[in-house]
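In my numbering, the protein residues as written are 86 to 737.
One structure is given below, encoded as structure tokens.
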Ligand code: MSP
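Now the structure itself:
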């Protein structure tokens with residue numbers, strides 16, 4: 086029998102700017118549900134991409150003196166590298182400037198035109214010149230003055246020619262569909278909003294523009310370009326082979342889930358279904374409109390300067406803590422506030438403390454009491470059975486929550502089980518059992534059960550996290566089991582084989598010292614100055630201001646030999662280095678801990694800036710800065726020297 090399929094999409098994001106944590110929120114949620122469904126045996130299809138046409142993008146490109154395609158090409162690369170860093174495993178990344186997509190959108194427009202659902206007419210409307218948007222009487226507030234609802238400036242009465250899509254023809258059918266398919270729009274409250282919106286009556290939609298040309302031309306009337314939303318929404322079908330690859334299209338369409346923010350729910354639950362009805366295609370199973378991720382100073386916006394850059398968070402905390410935080414902190418569907426304090430608290434309490442300690446205690450005890458080999462279990466006692474039952478119950482509750490996109494509650498259930506397993510250690514007191522030779526078998530049972538509980542925990546984390554499950558697996562010597570684990574394996578007990586060798590216990594989630602972190606951050610921001618803080622378009626090309634030779638000469642760049650390296654507690658990124666500059670010894674702090682292990686560094690000759698002001702980072706004094714190269718993908722390499730030369734030599 087053919088496998089069941091599951092097709093999930095994210096919105097396709099505007100490449101007018103870099104993405105922020107709000108965009109990452111939707112995409113991480115989509116990736117998580119996709120991984121979960123894949124573990125449940127579905128043949129999954131996960132689509133994301135970029136929505137590249139429209140006036141806003143054309144303008145942005147003009148501002149920096151580029152043509153729009155050149156401009157979006159650069160930004161789209163930053164999208165792809167962010168998704169790679171966040172562990173997003175999409176099957177296809179659609180760009181609306183792909184020829185394949187453009188052709189199909191033209192075909193679809195023509196089809197609707199020939200069917201009579203799209204027609205051209207002149208119309209008179211209120212027009213806001215600065216916003217370039219049209220308004221009907223109904224949309225403007227009552228009063229003497231006619232003001233634009235968006236910018237509050239005065240609008241003018243203009244006559245335009247445009248193609249119109251007859252939305253009204255399908256309004257009753259859509260309403261009926263929404264009412265008889267209660268799962269189609271979620272969450273419930275948003276569904277009710279959409280129903281009352283449609284009940285007020287749908288106006289025909291203007292689906293072409295003549296005021297700019299960065300768009301897909303109307304195939305039979307090239308003065309017009311197709312309205313961006315018609316172009317954008319169609320991506321969900323063009324990407325999977327609508328009218329080109331029938332087999333693939335029929336395999337995945339209708340989509341099981343469109344995940345969108347609440348801001349664009351209306352487009353997805355009114356315009357999109359009506360387009361599909363007009364094309365005689367089935368409607369998606371579900372459109373879920375989640376809430377906003379806000380900051381303490383409100384909605385994220387570039388002009389307010391409160392945009393949270395996921396790349397910086399990835400550098401500082403790593404991928405799994407961020408994925409965990411996004412899914413755990415805010416109930417999916419409601420608005421929530423992002424804060425780095427809350428992120429650090431989650432890392433310290435849930436990840437380092439609850440999960441990290443459980444792993445650490447288990448591995449250390451297997452090491453200490455059984456020479457590092459997972460022992461065989463003996464007869465079961467009441468408390469063991471209780472642990473087993475808790476695992477089964479936890480997994481079934483996680484399942485139930487995942488089916489309803491309740492990521493927060495799914496993780497809460499999992500963490501209840503993690504805490505319950507920690508409690509099992511306190512109940513069974515292995516350190517006391519170890520004191521009596523006659524209790525050795527019982528001790529073996531307890532440690533076996535802990536390893537088994539950790540197998541279930543690590544495997545059930547696979548939809549949410551992309552590194553930790555395998556690190557847990559490695560340390561327990563069962564990485565293969567974790568990699569291959571399917572969801573149904575989580576309901577069996579006794580899968581881990583006795584005799585497997587565990588490796589050294591190492592913290593997978595180092596604790597972060599909140600105070601140190603914020604003082605380091607403050608210093609970093611001060612040092613980098615405003616133009617670096619704003620990782621805007623300038624930085625995409627890596628361009629910086631020109632400097633004079635005198636300014637360059639102020640820098641004392643030298644060859645240094647690394648003598649010692651060790652990790653700094655509380656940070657998974659920072660290393661404390663002792664280096665030699667000729668006869669002189671220096672201590673410095675370097676942010677290379679995710680790319681180099683301390684033991685591979687001594688003996689390396691690297692380049693460093695020797696005359697940087699001293700600083701304290703994470704409480705450690707740093708006298709200089711080593712040089713390293715990094716790229717958008719997050720790769721990093723130290724700069725070394727081509728031929729050997731003694732340490733202390735100057736670089737000119
Ligand atoms: N290009 C359109 C979507 C077309 S889909 C056929 C668009 N793009 S966007 O770049 O503005 O991204 C919008 C989506 O990004 C939102 O719907 C939401 O999913 C996500 N978010 C952007 N900012 C967000 C927050 N602050 N919080 C949560 N999600 C947010 O609209």
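Ideal placement from N, C-alpha and C gives every residue a C-beta, glycine not left out.
Using beta-carbon positions only, say whether residue i and residue j come within less than 8 angstroms of one another.
| i | j | result |
| --- | --- | --- |
| residue 231 | residue 211 | yes |
| residue 118 | residue 342 | yes |
| residue 683 | residue 660 | yes |
| residue 505 | residue 439 | no |
| residue 371 | residue 269 | yes |
| residue 662 | residue 732 | no |
| residue 380 | residue 393 | yes |
| residue 297 | residue 191 | no |
| residue 133 | residue 163 | no |
| residue 114 | residue 402 | no |
| residue 533 | residue 460 | yes |
| residue 594 | residue 395 | no |
Along the alpha helix (DSSP H) that carries residue i, what are the first and last residues, could you check?
| i | result |
| --- | --- |
| residue 516 | 515-518 |
| residue 635 | 634-638 |
| residue 122 | 106-124 |
| residue 670 | Note, residue 670: premise wrong, no alpha helix (DSSP H); beta strand (DSSP E) at 669-675. |
| residue 208 | Here residue 208 belongs to no alpha helix (DSSP H); instead the beta strand (DSSP E) covers 203-213. |
| residue 186 | 184-199 |
| residue 310 | Per DSSP, residue 310 belongs to no alpha helix (DSSP H); it is in the beta strand (DSSP E), 306-311. |
| residue 147 | 140-148 |
| residue 323 | 320-323 |
| residue 425 | 425-431 |
| residue 454 | 442-455 |
Spell out the partners DSSP gives residue i in its beta bridges.
| i | result |
| --- | --- |
| residue 570 | Residue 570 is not bridged to any residue. |
| residue 128 | 90 |
| residue 406 | Answer is none; residue 406 lacks a bridge partner. |
| residue 690 | 646 |
| residue 710 | 694 |
| residue 293 | 311 |
| residue 303 | 306 |
| residue 97 | 134 |
| residue 417 | 419 |
Spatial neighbours of residue i within its chain, please: CB distance less than 7 angstroms, with the 5 preceding and 5 following residues excluded, ordered by chain position.
| i | result |
| --- | --- |
| residue 544 | 554, 567, 570, 574 and 575 |
| residue 501 | 479 |
| residue 559 | 588 |
| residue 513 | 468 and 531 |
| residue 549 | 117, 408, 409, 412 and 496 |
| residue 709 | 671, 673, 693, 694, 695 and 697 |
| residue 648 | 663, 664, 665 and 687 |
| residue 418 | 272, 375 and 376 |
| residue 139 | 299, 300 and 313 |
Only counting the same chain, and skipping five residues up and downstream in sequence, which positions put a Cβ closer than 6 angstroms to that of residue i?
| i | result |
| --- | --- |
| residue 527 | 518 |
| residue 325 | 333, 334 and 337 |
| residue 623 | Annotation note: pLDDT 34 at residue 623 (below 50); position unreliable, coordinate value reported separately. Counting only Cβ-Cβ distances below 6 angstroms, and skipping sequence neighbours, we find nothing. |
| residue 721 | 680, 713 and 715 |
| residue 363 | 197 and 202 |
| residue 87 | none |
| residue 309 | 293, 295 and 303 |
| residue 136 | 97, 99, 181 and 317 |
| residue 650 | 660, 662, 683 and 686 |
| residue 92 | 130, 337, 340 and 341 |
| residue 315 | 292 |
| residue 89 | 127 |
Specify, as a first and last residue, the run of the beta strand (DSSP E) that residue i falls within.
| i | result |
| --- | --- |
| residue 663 | 660-666 |
| residue 715 | 713-715 |
| residue 171 | Element bounds for residue 171: n/a, residue is neither H nor E. |
| residue 103 | Premise fails: residue 103 is in no beta strand (DSSP E) and is neither H nor E. |
| residue 706 | 705-707 |
| residue 702 | 700-702 |
| residue 218 | 218-220 |
| residue 722 | 721-723 |
| residue 177 | 177-180 |
Flag residue i as yes when its Cβ comes closer than 7 angstroms to any non-hydrogen atom of the ligand GDP, and as no otherwise.
| i | result |
| --- | --- |
| residue 318 | In the structure shown, the ligand GDP is absent; the only ligands present are the ligand MSP. |
For residue i, which residues from the same chain have a beta carbon less than 8 angstroms from its beta carbon, with the 5 sequence-adjacent residues on both sides left out?
| i | result |
| --- | --- |
| residue 367 | 338, 339 and 361 |
| residue 640 | 694 and 696 |
| residue 626 | Any reading at residue 626 must be qualified, since the residue scores a pLDDT of 38, below 50, and its modelled position is unreliable; the value itself is stated next. These residues qualify, in order along the chain: 159. |
Every unbroken alpha helix (DSSP H) within the region 471-559, with a cutoff of 4 residues, ordered by chain: Contiguous alpha helix (DSSP H) elements confined to the region 471-559 occur at 492-513, 515-518 and 525-545, taking only those with 4 or more residues.
Whole beta strand (DSSP E) elements within the region 225-274, 3-residue minimum: List check, beta strand (DSSP E) in window: 241-250.
Ordered list of beta strand (DSSP E) runs contained in the region 326-402, each at least 3 residues: The beta strand (DSSP E) runs lying completely inside the region 326-402 and spanning 3 residues or more are 342-346 and 372-375, given in chain order.
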